[in-house]
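Before any comments, here is the structure.
In our numbering, the protein residues as written are 5 to 196.
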C-alpha cells in the first residue's frame, strides 16, 4: 500500500519546535477531530494520527464517519462498525467486492483496520505516532498491540460539554434545560 494522504490541517497551528499545545480557536469537522482537541482545545502530533485513523477506517469500510440509526439505536464508524469489521470479518455484509478488489488480501485488510483502530484510541498516549504507523504499514511480520475501545462522542454531547462551564457560571444551581429554543420573537413598533 502507498500512502497518499498527508496534511490534516493542524500544521498551521504548530510552530516548527512545538509538538503539543492548547488553543481556544477550534477549527475542523467534528468527526475527524480528536476528542481532546474538540472538547478542550488540546492538540498534539497525535491529533493528526486520530484524523488519519478515521480516514483509514472510512476508506476500508466504505462508510463515512457519522452517526446513523440502524433501527436499534445510534451506530457509527468508530463505535460498532470498525470493531465488528476487526473482530468478525467473515460477516457477509462487510465482504464487498470494492474492498477485496482494491486493498488486496484479507490479512492486509484486517491489518489496515487494526492500525486504523490503534490511531483512534481514546487515550492519547495509546495512539501510535505517524512514524510508527508508517512502520506498521510497511512491516509484514510486526505484531500489533490490541486496540482499546475507540474514542467516540456525539456532536450534541460536545456542544453540551462546551456549554456546561458557561451555564455553571451564569445560572448558578439551575439543573434544568441546558438551553432554550426561541420559538417566537415579537417586536413592538412604536412610532415617534
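Backbone N, C-alpha and C define an ideal beta-carbon position, used for all residues, glycine too.
Source: prediction; values computed, not measured.
The segment 113 to 144 is shown to contain whole alpha helix (DSSP H) runs of 4 or more residues at 134 to 142, in chain order.
Between residue 128 and residue 65, the gap from beta carbon to beta carbon reaches 8 Å or more. Rounded to whole angstroms, the separation of the alpha carbons of residue 53 and residue 67 is 19 Å. CA-CA distance, residue 136 to residue 115, rounds to 14 Å.
The Cβ atoms of residue 149 and residue 121 do not sit closer than 8 Å to each other.
Pairing residue 131 with residue 123, the inter-Cα distance amounts to about 5 Å. At least 8 Å separates the beta-carbon of residue 41 from that of residue 69.
Burial check for residue 110: the Cβ neighbour count within 10 Å stays below 16, so the residue is exposed. Excluding residues up to 5 positions away in sequence, 51 and 54 lie with their Cβ nearer than 6 Å to the Cβ of residue 38 in the same chain.
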